[in-house]
Structure formats: structure tokens, C-alpha cells
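Residue numbers (the numbering used here): 1 to 87. Each residue gets a CB set at the ideal place from its N, CA and C atoms; glycine is no exception. Since the model is a prediction, treat every value here as computed from it, not as a measurement. Written below as C-alpha cells is the structure these notes are about.
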Amino acid sequence: MPLTIRHNLFPELNITCLRVIKDSGSCINKPLRELDIRARFKINILAIARNGNILDHIGPNEVLLRDDCLYLVGNNENIEEFQKNIM
Numbered sequence: 001m002p003l004t005i006r007h008n009l010f011p012e013l014n015i016t017c018l019r020v021i022k023d024s025g026s027c028i029n030k031p032l033r034e035l036d037i038r039a040r041f042k043i044n045i046l047a048i049a050r051n052g053n054i055l056d057h058i059g060p061n062e063v064l065l066r067d068d069c070l071y072l073v074g075n076n077e078n079i080e081e082f083q084k085n086i087m
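The following block contains the structure:
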């Protein structure tokens, strides 16, 4: 499991950073709207780190690129399912 932050106030809620690494991954060069991450995996993207910049106003037309770091919020099971199926 990647680096995960957990707070005692919300023990089931985690903030995790995942790097987009697969060239042939099903998420690369696709807009978030098409991936439908929130509905399919019940997780949210808080921000994307890209080329030394933090994108914190993520819209549905944002396209994921190789080497993006996704800051996700959700429970461990859903984040792991996302990583297994999309990343």
C-alpha cells in the first residue's frame, strides 16, 4: 500500500498518494469524466501533482498523465480496488 495518512477522528478515511506509472494503463490520457472514479470506486481525487505543480481544482475534463501523483481520499479497500483495476 502506498503512503497513507489516517486520522483518529475518521479511522476509515485515508488520504493516499498514488503515481500513475503504467504506459498502457487504462487511466492514462483519459479525462476523469470518462473514468468515473467517484461512482465506480467511491474515492475522490483531492489534487494531482504534475511536473512540480499541484493541481487542486480538479474538474471532470482533467486528463491523467503518466507520472502524475494522485492524492486520493477514501477507505483502504476502495483505494486498493482502484489501484488494481485502473492504475
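{"Query": "Spatial neighbours of Pro-31 within its chain, please: C-beta separation below 6 Å, excluding the five flanking residues on both sides.", "Result": "Asn-61 and Val-63"}
{"Query": "Rounding to the nearest angstrom, what Cα-Cα distance links Asp-67 and Ile-54 in this structure?", "Result": "13 Å"}
{"Query": "Who are the Cβ neighbours of Asn-75 in its own chain at under 6 Å, not counting the five residues just before and after it?", "Result": "Glu-12"}
{"Query": "Can Cys-17 and Cys-69 be called in contact, C-beta distance under 8 Å?", "Result": "yes"}
{"Query": "Excluding the five sequence neighbours on either side, which residues of its own chain have a C-beta within less than 7 Å of the C-beta of Lys-42, listed in chain order?", "Result": "Gly-74 and Asn-78"}
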